[in-house]
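K.L.:
Before I ask anything, here is the structure I am working with.
2 protein chains.
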Amino acid sequence: MPYGCGVTKTSPATDHLRPAGRATRAAIEEAARTLFSTRGFEGASVRAIAAEAGVDPALVIRHFGSKEALFLRTVDTSLGIGSVLEGPVETVGRRLVAYFVDAERPAVRQRFVALAQAAHRDQVREEMVRHTAETYVAPLAPRLTGADRELRAALAVAQLAGLLNLLYVQEDPIITAADPATVVALYGDAIQGLLTPEAAG
Amino acid sequence: MPYGCGVTKTSPATDHLRPAGRATRAAIEEAARTLFSTRGFEGASVRAIAAEAGVDPALVIRHFGSKEALFLRTVDTSLGIGSVLEGPVETVGRRLVAYFVDAERPAVRQRFVALAQAAHRDQVREEMVRHTAETYVAPLAPRLTGADRELRAALAVAQLAGLLNLLYVQEDPIITAADPATVVALYGDAIQGLLTPEAAG
DNA sequence: GGGCTGAGTCAACGGCGTTGACGGTGTGAG
DNA sequence: CTCACACCGTCAACGCCGTTGACTCAGCCC
Numbered sequence: 001m002p003y004g005c006g007v008t009k010t011s012p013a014t015d016h017l018r019p020a021g022r023a024t025r026a027a028i029e030e031a032a033r034t035l036f037s038t039r040g041f042e043g044a045s046v047r048a049i050a051a052e053a054g055v056d057p058a059l060v061i062r063h064f065g066s067k068e069a070l071f072l073r074t075v076d077t078s079l080g081i082g083s084v085l086e087g088p089v090e091t092v093g094r095r096l097v098a099y100f101v102d103a104e105r106p107a108v109r110q111r112f113v114a115l116a117q118a119a120h121r122d123q124v125r126e127e128m129v130r131h132t133a134e135t136y137v138a139p140l141a142p143r144l145t146g147a148d149r150e151l152r153a154a155l156a157v158a159q160l161a162g163l164l165n166l167l168y169v170q171e172d173p174i175i176t177a178a179d180p181a182t183v184v185a186l187y188g189d190a191i192q193g194l195l196t197p198e199a200a201g
Numbered sequence: 202m203p204y205g206c207g208v209t210k211t212s213p214a215t216d217h218l219r220p221a222g223r224a225t226r227a228a229i230e231e232a233a234r235t236l237f238s239t240r241g242f243e244g245a246s247v248r249a250i251a252a253e254a255g256v257d258p259a260l261v262i263r264h265f266g267s268k269e270a271l272f273l274r275t276v277d278t279s280l281g282i283g284s285v286l287e288g289p290v291e292t293v294g295r296r297l298v299a300y301f302v303d304a305e306r307p308a309v310r311q312r313f314v315a316l317a318q319a320a321h322r323d324q325v326r327e328e329m330v331r332h333t334a335e336t337y338v339a340p341l342a343p344r345l346t347g348a349d350r351e352l353r354a355a356l357a358v359a360q361l362a363g364l365l366n367l368l369y370v371q372e373d374p375i376i377t378a379a380d381p382a383t384v385v386a387l388y389g390d391a392i393q394g395l396l397t398p399e400a401a402g
């Protein structure tokens, strides 16, 4: 479920809005981005987002339909993985892990945690599935060889999601305390073994 | 985060309770088990659990302290993995995956989903971490050879958690539709590669 | 100028987890 | 035997939540 490689969100049809409407809409979106990141999906209430944006809570719903819809429009499911996937397939395992284990990416961590927290909402779950298929499996599978390419790509995503879960959500002490380079080598190769069995170290 | 191999829950100190108290306590626990399983942590309200048990909502809190505490006492974090872990380490990867991919274990799926939904609560998260360390890493690590045994065991848990996440929570269509035997072979070997690199197929 | 549509306000709904004040009731000590 | 006390349960309410509907007001087009 890592969700990387995102396209810029296509805010649909704000043309019919008047300038005032577009401005408050943007204010709400920014407040939502901030609060969803810092407090998570459950911790960020519609009322708090409205207050942060200096706006009536009802207006938030009026503009975006529901908290879930606001979340989906606001928190980018992308975690910025595009460039990592573009490199050589033979070493993508370690590069993926290295990207996420890097401590200098708090925003990525925040977004993943928020996403994991909201995963039980139907629309969010659907978006996550769609995203996995579109930005992970689709670009990866054609570059693999052998049988079950799509399945192997999907299982590699599962591996990655599991690491991020223990690392970001559970904050597992063993993995957290471990030497990042070791984690990259061990887990990266485990992922690599699924993608290119013949090239795995 | 798979949480298996559980000991029977040690309900602490119900001796001081009168028969009536113990009975309604048991009724609440059973109702909670049912509703948490079928509706998840967020979907099962304290009020609904109380109604199912034929009891006042306030009584639920009075007996268990909070919804989160009731959840922890009620939903067994164990997923029944003990026997799987006891077998030979050289093939534990495939056996673990086979256990969870088996469609005939709906209760395990339900419990995992409920757990994942409640993972953002502090006490639940702590319990999950504790459980990972106690029932996965502790029995597994000493039976491994080579460097970083604890870390490798923890990373194997991460792999498993990732699979269950995509399989149970996200219901990823690719993995769901795939031949279970293939998933067992591919993912089982990926886990095995982390545990016993020399024995991996 | 008059209708229409977008923008914003306000009060309220039903639900949530939780609390506190308040009656009964069974048990053990005097 | 009685009386105090801890347990058991009830009830109404608190403050929060996401969401809705009725309403006002301003700007645009015909």
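For the record, the sequence lines run as chains A and B.
Residue numbers 1 to 201, in the working numbering, belong to the letters of the first sequence in order.
Residue numbers 202 to 402, in the working numbering, belong to the letters of the second sequence in order.
All residues carry an ideal CB built from backbone N, CA and C; glycine is no exception.
1. Check whether the Cβ atoms of B/E253 and B/Q324 lie closer than 8 Å to each other.
2. Output, in sequence order along the chain, the residues in the segment 65-90 of chain A whose CB is closer than 7 Å to any CB in chain B.
3. Closer than 7 Å by beta-carbon distance: list the chain A residues that pair up with B/I375, in chain order.
4. Between B/R312 and B/D277, how many whole angstroms is the CB-CB distance? I'm expecting something under 8 Å.
5. Comparing alpha-carbon positions, which option in B/T235, B/R234 and B/E230 lies nearest B/H264?
6. Counting only Cβ-Cβ distances shorter than 9 Å, please list the residues of the segment 237-265 of chain B near chain A, keeping chain order.
7. For the structure I just gave you, are there three or more beta carbon pairs, one from the segment 319-334 of chain B and one from the segment 141-151 of chain A, closer than 8 Å?
8. Can you grab the Cα-Cα spacing for the pair A/I81 / A/L96, in whole Å?
9. Can you confirm whether B/Y369, when its beta carbon is compared against all beta carbons of chain A, has any partner nearer than 8 Å?
10. Please identify, using Cβ separations under 8 Å, the residues of the segment 318-329 of chain B that lie next to chain A, in order along the chain.
11. Does DSSP put B/V208 in a helix, in a strand, or in coil?
12. Might you give, ordered along the chain, the residues of its own chain that have their beta carbon closer than 8 Å to the beta carbon of B/R326, omitting 5 neighbours on each side?
13. By alpha-carbon positions, which one of B/A359, B/E372 and B/Y369 ends up nearest to A/A190?
14. Find out if the Cβ-Cβ distance for the pair B/L396, B/A357 is shorter than 8 Å.
15. Given this structure, state the Cα-to-Cα distance separating A/L164 from A/Y187, to the nearest angstrom.
16. Helix, strand or coil: which one does DSSP assign to A/G80?
17. Rounded to whole angstroms, how far is the Cβ of B/S238 from the Cβ of B/A315, which I believe are closer than 8 Å?
18. Does B/I229 get closer than 8 Å to chain A when you measure Cβ to Cβ?
19. May I have the straight-line CA-CA distance separating A/R105 from B/Q371, to the nearest angstrom?
20. What in chain A is Cβ-close to B/L387, meaning under 8 Å?
21. Keeping to the same chain, check which residues put their C-beta closer than 8 Å to that of B/L345; ignore five residues upstream and five downstream.
22. Expressed to the nearest angstrom, what Euclidean distance is found between the alpha-carbon atoms of B/G222 and B/V256?
23. With distance defined between alpha-carbon atoms, name the residue in A/V84, A/R33, A/L72 and A/R121 nearest to B/G241.
24. For chain B, find out if any of its Cβ atoms is closer than 8 Å to the Cβ of A/G162; answer yes or no.
25. Alpha carbon to alpha carbon, how far is B/S279 from A/L160? Give it in angstroms, no decimals.
26. B/E287: buried (16+ other C-beta within 10 angstroms of its C-beta) or exposed?
27. Please tell me whether B/A227 and B/L271 are closer than 8 Å, where the distance is taken between their beta carbons.
28. Going by Cα to Cα distance, which pick from B/V385, B/E399 and B/R310 is closest to B/Y369?
29. Could you name the residues of the same chain whose beta carbon sits closer than 6 Å to that of A/D102, not counting the 5 residues immediately before and after it, in chain order?
30. Beta-carbon separation of A/V183 and A/I175 under 8 Å?
31. On the CB-based measure, 16 or more other CB atoms within 10 Å of its CB, does B/A317 come out buried or exposed?
32. State buried or exposed for B/D380, treating a residue as buried only when at least 16 other CB atoms are found within 10 Å of its CB.
33. Step through the CB atoms of chain B and report whether any lies within less than 8 Å of the CB of A/A98.
34. Which of the three DSSP states is assigned to A/G146 in this structure?
35. Indicate the three-state DSSP secondary structure (helix, strand or coil) for B/P289 in the structure shown.
36. Please decide whether B/T333 counts as near chain A, where near means a Cβ-Cβ distance under 8 Å.
P.N.:
A quick look at the data gives this:
1. no
2. Within the segment 65-90 of chain A, not one residue has a Cβ closer than 7 Å to any Cβ of chain B.
3. V137, E150, L151 and A154
4. About 7 Å separates the two Cβ atoms, so the contact holds.
5. B/E230
6. Taking a C-beta cut-off of 9 Å against chain A, the contacting residues of the segment 237-265 of chain B are G241, F242, E243 and G244, listed in chain order.
7. no
8. 8 Å
9. Using a CB distance cut-off of 8 Å, B/Y369 does not count as an interface residue toward chain A.
10. Q318, A320, H321, R326 and M329
11. Caution is warranted here: a pLDDT of 40 is assigned to B/V208, below 50, making its placement in the model unreliable, and no coordinate value can be reported.
12. A320
13. B/A359
14. yes
15. 11 Å
16. coil
17. 6 Å
18. no
19. 25 Å
20. Per Cβ cutoff of 8 Å: D148, L151, R152, L155 and L194.
21. V290, R353, A354, L396 and T397
22. 12 Å
23. A/R121
24. yes
25. So the alpha carbons of these two residues sit roughly 23 Å apart.
26. exposed
27. When the beta-carbon positions are compared, B/A227 and B/L271 stay at least 8 Å from each other.
28. B/R310
29. Cβ neighbours of A/D102 beyond the five flanking positions: none.
30. Against a cut-off of 8 Å, the Cβ pair of A/I175 and A/V183 comes out as a contact.
31. Buried: at least 16 other Cβ atoms inside 10 Å.
32. Burial call: exposed.
33. Using a CB distance cut-off of 8 Å, A/A98 does not count as an interface residue toward chain B.
34. Correct three-state label for A/G146: coil.
35. coil
36. yes
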